[in-house]
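A.B. asks: Pasting a structure here, questions to come.
Residue numbers (our numbering): 24 to 512.
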């Protein structure tokens, strides 16, 4: 490609040709991103989404490549706009920030990719895009209150052989593959075809080993029958000392009593009851008695307003005093509660609440302390019921434990340590929906539980090294001719 010598305002043939190439690439990536990510992603589209923009990048001026990526990712990110504005009630500036930050990251990754391709370094270019993306996901997950909820790994949660990689690398490795394959294909040409072929072989190897892992997976440990109960709570949130609050509690107790004999554990949703310190006995007394009478552990969410607590209380089948877990990670702007800082471990199981499992470190700590099964009262935002449940499923694969997640305004989900969803249904109305399933209580060991975020740290180091490499290459003036894209020209 010839150097840029014309003014940006000059509609020269080169600029017109570049714009003609950019528009279809922008539109195609935007559509693929919109349907390949978000709340109901089509898994195979996620792999293709970055490809049109990456194919374009080395063949047009840097500014145009960056703008194309920025606009494509901004349009694709609109699949979360209703959730951000209507459900999470984000102020407009915050919602715009969540839309534009990933787009800006995409633009930076594309510029780094472009520079490395033009310097004749296709392997480094193919590595740069996924390394940058994983680094950003990791920093967001560890430095912000959002956690890893937008980690791209969840888009593949129904592609079981792929998500087995999480047991080794965490979700970070899945993101690396999703961004790395299109980057490798875009960096390939007739002279450098081995880059794309190598990436395809790597993906095939991951899928093959994942399939082998699934084939060898056999649930073990004593069986336990679990019941999940949840309803649509939005707009139906009433304190226990009101008629509607008492009606909700009576309905909950009636549904618990109607559970099949032999039910070992019942899990109710986050915020299923609202109490003060004075009215809390109206909640704890009947549940403790019912747990004792039915010989059934009960895990129930309750908001204690005057104590600023979002809690999950565990009423043991043996009839002892209930244990309390306080939610550690709140939804920014919506939960004005005091976070807890302690885990709650039962024999072989752990208890957390909803957003807590958006944070990989908390899940790892539970597994390191012996939890092989997680009870999760949750409260979603209706639109994100499937997506947020799959975030918890990925945590289960990362650490080799079962997930029993009962979500108001979302999905009731039971999954095994390999990400296989054994039972699932959505809440349908104000009456409690009930789901029962049989789980095994044995987990499985994973490297990620003890190795931690080693892969994310590797990507951070790669990002720094590649940035230095690009800067040195620019300083030396190294650049190569890149052929135009025939089907876009």
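Beta carbons: idealized from backbone N, C-alpha and C, even for Gly.
In the segment 262 to 344, which residue ranges form an unbroken beta strand (DSSP E) of at least 3 residues, counting only runs that do not cross its ends?
C.D. replies: Whole beta strand (DSSP E) segments, 3+ residues: 288 to 290, 296 to 298, 320 to 327 and 332 to 338.
A.B. asks: Could you say which of 237, 175, 133 and 269 lies nearest to residue 206 if we only look at CA atoms?
C.D. replies: 133
A.B. asks: So, is residue 45 buried or exposed, given that buried needs 16 or more other C-beta atoms within 10 angstroms?
C.D. replies: By the beta-carbon neighbour count (other beta carbons within 10 angstroms, threshold 16), residue 45 is buried.
A.B. asks: Give the secondary structure of residue 48 by DSSP, where H, G and I count as helix, E and B as strand, and everything else as coil.
C.D. replies: helix
A.B. asks: Specify, as a first and last residue, the run of the beta strand (DSSP E) that residue 346 falls within.
C.D. replies: Counting along the chain, the beta strand (DSSP E) containing residue 346 begins and ends at 346 to 349.
A.B. asks: Are the CB atoms of residue 289 and residue 318 within a distance shorter than 7 Å?
C.D. replies: Contact: no.
A.B. asks: Inspect the beta-carbon positions of residue 159 and residue 128 and report whether they are closer than 7 Å.
C.D. replies: yes
A.B. asks: Using only alpha-carbon positions, find the residue among 320, 327, 363 and 39 that is nearest to residue 344.
C.D. replies: For residue 344, the nearest C-alpha among the options comes from 320.
A.B. asks: Helix or strand or just coil, what does DSSP make of residue 213?
C.D. replies: Three-state DSSP puts residue 213 in coil, outside helix and strand.
A.B. asks: For residue 112, which of helix, strand or coil comes out of DSSP?
C.D. replies: Of the three classes helix, strand and coil, the one that applies to residue 112 here is coil, per DSSP.
A.B. asks: Considering residue 398, what are the terminal residues of the alpha helix (DSSP H) in which it resides?
C.D. replies: Unbroken run through residue 398 is the beta strand (DSSP E), 396 to 402; no alpha helix (DSSP H).
A.B. asks: If you draw a straight line from the C-alpha of residue 247 to the C-alpha of residue 311, how long is it?
C.D. replies: 20 Å
A.B. asks: Determine the contact status of residue 209 and residue 78, defining contact as a CB-CB distance below 7 Å.
C.D. replies: yes
A.B. asks: Going straight from the alpha carbon of residue 326 to that of residue 226, what length do you get?
C.D. replies: 45 Å
A.B. asks: Report the rounded CA-to-CA distance for residue 448 versus residue 411, giving the unit in angstroms.
C.D. replies: 14 Å
A.B. asks: On a Cα-Cα basis, can you pick out the residue from 177, 457, 421 and 474 that is closest to residue 286?
C.D. replies: 457
A.B. asks: Under the DSSP definition of a beta bridge, which residues are partnered with residue 426?
C.D. replies: 397 and 438
A.B. asks: Should residue 292 be labelled buried (16 or more other beta-carbon atoms within 10 Å of its own) or exposed?
C.D. replies: buried
A.B. asks: Quick check: what's the CA-CA separation for residue 495 versus residue 95?
C.D. replies: 29 Å
A.B. asks: Alpha carbons only, please: which of 467, 465, 216 and 381 is nearest the one belonging to residue 428?
C.D. replies: The residue with the shortest Cα to Cα distance from residue 428 is 381.
A.B. asks: Evaluate contact between the segment 112 to 125 and the segment 73 to 89, counting only Cβ atoms and requiring at least three cross-stretch pairs below 8 Å.
C.D. replies: no
A.B. asks: Can you list, in chain order, the residues of its chain whose CB lies under 7 Å from that of residue 89, leaving out five sequence neighbours each side?
C.D. replies: 130, 133 and 134
A.B. asks: Would you kindly check if the distance between the Cβ of residue 424 and the Cβ of residue 393 is under 7 Å?
C.D. replies: no
A.B. asks: How far does the alpha helix (DSSP H) with residue 375 in it reach, from first residue to last?
C.D. replies: Unbroken run through residue 375: none, as it is neither H nor E.
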